[in-house]
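A short worksheet on the structure shown next.
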Amino acid sequence: MESISMMGSPKNLNETFLPNVANGIKDARKTTIGIIGSGDFAKSLTIRLIRCGYHIVVGSRNPKLAAEFFPHVVDVTHHEDAVAKTNIIFVAIHREHYASLWDLKHLLTGKILIDVSNNTRIDQYPDSNAEYLASLFPDSLVVKGFNVISAWSLQLGPKDASRQVYICSNNVQARHQVIELARQLSFIPIDLGALSSSREIENLPLQLFTLWKGPVVIAISLATFFFIYSFVRDVIHPYVKNQQSDFYKIPIEIVNKTLPIVAITLLSLVYLPGLIAAAYQLYYGTKYRRFPLWLDNWLQCRKQLGLLSFFFATVHVAYSLCLPMRRSERYLFLNMAYQQVHANVENSWNEEEVWRIEMYISFGIMSLGLLALLAVTSIPSVNSALNWREFSFIQSTLGYVALLISTFHVLIYGWKRAFEGEYYRFYTPPNFVLALVLPSIVILGKIILLLPCVSRKLRRIRRGWERSHVIEEASGSAPHLSPERITVM
-1 MESISMMGSP KNLNETFLPN VANGIKDARK TTIGIIGSGD FAKSLTIRLI
49 RCGYHIVVGS RNPKLAAEFF PHVVDVTHHE DAVAKTNIIF VAIHREHYAS
99 LWDLKHLLTG KILIDVSNNT RIDQYPDSNA EYLASLFPDS LVVKGFNVIS
149 AWSLQLGPKD ASRQVYICSN NVQARHQVIE LARQLSFIPI DLGALSSSRE
199 IENLPLQLFT LWKGPVVIAI SLATFFFIYS FVRDVIHPYV KNQQSDFYKI
249 PIEIVNKTLP IVAITLLSLV YLPGLIAAAY QLYYGTKYRR FPLWLDNWLQ
299 CRKQLGLLSF FFATVHVAYS LCLPMRRSER YLFLNMAYQQ VHANVENSWN
349 EEEVWRIEMY ISFGIMSLGL LALLAVTSIP SVNSALNWRE FSFIQSTLGY
399 VALLISTFHV LIYGWKRAFE GEYYRFYTPP NFVLALVLPS IVILGKIILL
449 LPCVSRKLRR IRRGWERSHV IEEASGSAPH LSPERITVM
């Protein structure tokens, strides 16, 4: 397969089918493009092409009925007439209807057929739709493209990630012409080389949150575990110990205790694989050795883990703001006030508790603000406006600062209760103690990597230094290239 590259417009072509391009074209007449099919995608594609100055001819099995759904400037006719009037044809029909064009094989010779079809399942057929179309019409120039664009994007115009169009073909000239056509439609064409890549292109629209499955499963598993853990400690324990019914805490209080633990754990999982990767490079003394598959997949899912952490933190804030509005909380305040009056206590001010809550809320707000900054900079449109150093500073340096502040937030919440026996119900540690385990490991690992003796060596390794070279030079043996050094991670 040819390497993936962003293709420019070919300068060595003497002719083109595209209007208004600066490559020596002097004919101002509208270029005609054909579309086989009259479905929703064909209608949206027609509107987009007309806006860009093309003349469209649509081939339909029932042209009289189909003409009612197209603009009046569109020539809606039979398949045979449409094929004869143009040299670039969009094949906007399903795979099972390709054979209906067999009688037009002689008219399709030497013409560009752009296959925009998709399947309903990944790898549904042994060969791709574009390869099947090419086998039916070997004398035509089949190009795969525009299948990742929805009819909605065609009508409203491409924006952000929806601007990318993947294109492949065995004919270089035809591929370049379709690439230039995509540019005229304000899309960003990405050349994937030969037609053998069409199978991969056809699978792209069928992928559903590929990189999200693992992080979502981890988040749901953590939430389920900590919810059950809090339920047993805060609801079951009082009921068993004192016959006290606290089941009303399940909808809000138990959920709100679960959310921050999951959020800080997911945030720790964002930066833990980076520490493991650094330790891996330090252990082997090279950056050219491939990471294990599980670590490689973990590194690719860090963005998703971070966004899920931000989601749980935001929901935690919303639940916390709702705590004083509960009827149960009002009853508790009234009972405390009555007990204070009954005990003849005029002033219940507790300086230590006041400072604890003030710092607890302050650190929580700061950590949420930093998480919001991390989430915003992960948006492609914002990310593209930053250079690598700026992006690395925000995602790495400020990310560790967010984790550190979140850890302080949890520490201040726990305060002295980690050392009081009454909080170890059923001989289990409080929730905040479990929440501190993973962040403490990550912060400690980062401090170790920041030590001068460790950071200096790691910096040398990432600049290309290898421990094996030092050993080979000391022993006087010739360096031996290992296959594991082919891929630079």
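According to this note's numbering, numbering within the sequence shown proceeds without interruption in unit steps and concludes at 487.
The beta-carbon is built from N, C-alpha and C at its ideal position, and this holds for glycine as well.
Note that the structure is a prediction, hence the values are computed from the model and not measured.
key: Cys166, enclosing beta strand (DSSP E) - first and last residue   = Gln162 to Ser167
request  = To the nearest angstrom, report how far apart Phe68 and Ser133 are at their CA atoms.
outcome  = 31 Å
request  = In angstroms with no decimal places, state the Cα-to-Cα distance between Val56 and Ser379.
outcome  = 36 Å
task = Name, in chain order, the residues that DSSP records as bridge partners for Lys142.
result = Asp113 and Cys166
inquiry  = Could you compute how far the alpha carbon of Tyr358 sits from the alpha carbon of Tyr411?
reply    = 6 Å
task = Ignore the nearest five residues each way along the sequence and tell me which others in Trp210's own chain have a CB closer than 7 Å to its CB.
result = Gln302
message = Going by DSSP in three states, His104 sits in which element: helix, strand or coil?
response = coil
query = Near Val313, what residues of its chain come up, given a Cβ to Cβ distance below 8 Å and the 5 sequence neighbours on each side ignored?
reply = Leu257
message = Along the chain, where does the alpha helix (DSSP H) containing Asp38 start, and where does it finish?
response = Asp38 to Arg49
key: Chain-order list of residues whose beta-carbon lies under 6 Å from that of Ile459 (same chain, five-residue window excluded)   = Gln279 and Lys285
key: Ranges of the alpha helix (DSSP H) found wholly within the stretch 235 to 321, counting only runs of at least 4   = 235 to 240, 253 to 282, 291 to 298 and 300 to 320
task = Please list, in chain order, all residues of the same chain as Leu293 whose beta carbon is under 8 Å from its beta carbon, the five residues on each side excluded.
result = Pro271, Ile274, Ala275 and Tyr278
request  = Return the bridge partner residues of Pro187 from the DSSP annotation.
outcome  = Val163
inquiry  = On a Cα-Cα basis, can you pick out the residue from Gly212, Cys320 and Asn85 that is closest to Trp296?
reply    = Gly212
request  = State buried or exposed for Phe39, treating a residue as buried only when at least 16 other CB atoms are found within 10 Å of its CB.
outcome  = buried
ask   = So what's His70 in DSSP terms, helix, strand or just coil?
value = coil
query = Is the stretch 139 to 147 touching the stretch 171 to 180 in the sense that three or more CB pairs, one from each, lie closer than 8 Å?
reply = yes
ask   = Opposite His53 in the DSSP bridges: which residues?
value = Thr30
key: Supposed close pair Ala172, Leu139 - CB separation, criterion 8 Å   = 4 Å
key: Distance CB(Thr263)-CB(Leu436) smaller than 8 Å   = yes
Residues that Ile87 bridges to, as DSSP identifies them = Gly32 and Leu111
key: Thr75 - DSSP class collapsed to helix/strand/coil   = strand
request  = May I have a chain-ordered list of the alpha helix (DSSP H) segments no shorter than 4 residues that lie completely inside the stretch 330 to 378?
outcome  = 349 to 375
message = Suppose contacts are defined by Cβ-Cβ distances below 8 Å. Is Ile33 in contact with Ile54 by that definition?
response = yes
query = What three-state label does DSSP hand Tyr421 in the structure shown?
reply = helix
ask   = Touch check for the stretch 419 to 427 and the stretch 368 to 379: three-plus C-beta pairs under 8 Å?
value = no
ask   = Does DSSP put His92 in a helix, a strand or coil?
value = coil
query = From Leu432 to Tyr269, what distance separates their C-alpha atoms?
reply = 18 Å
ask   = In whole angstroms, what separates the C-alpha of Ala370 from that of Val408?
value = 19 Å
query = How many Å lie between Leu11 and Ser194 at the Cα?
reply = With a pLDDT of 37 at Leu11, under the threshold of 50, the predicted position of this residue should be treated as unreliable, though the coordinate-derived value follows. If you take the alpha carbons of Leu11 and Ser194, they lie about 24 Å apart.
task = Measure the alpha-carbon distance for His42 versus Leu152 and round it to whole angstroms.
result = It is worth fixing the name first, because residue 42 is Ser in this sequence and not His. Going by the C-alpha atoms only, they are around 6 Å apart.
Inter-residue Cα distance where the pair is Asn429 and Leu319 = 20 Å
key: CA-to-CA distance, Gln298 to Ser307, given in whole angstroms   = 16 Å
message = Comparing C-alpha positions only, which one of Ile250, Arg231 and Glu351 sits nearest to Gln242?
response = Arg231
query = Out of Ile199, Gly283, Val163 and Phe223, which has the shortest C-alpha to C-alpha gap to Gly462?
reply = Gly283
query = Are Asp121 and Asn201 closer than 8 Å when you measure CB to CB?
reply = yes
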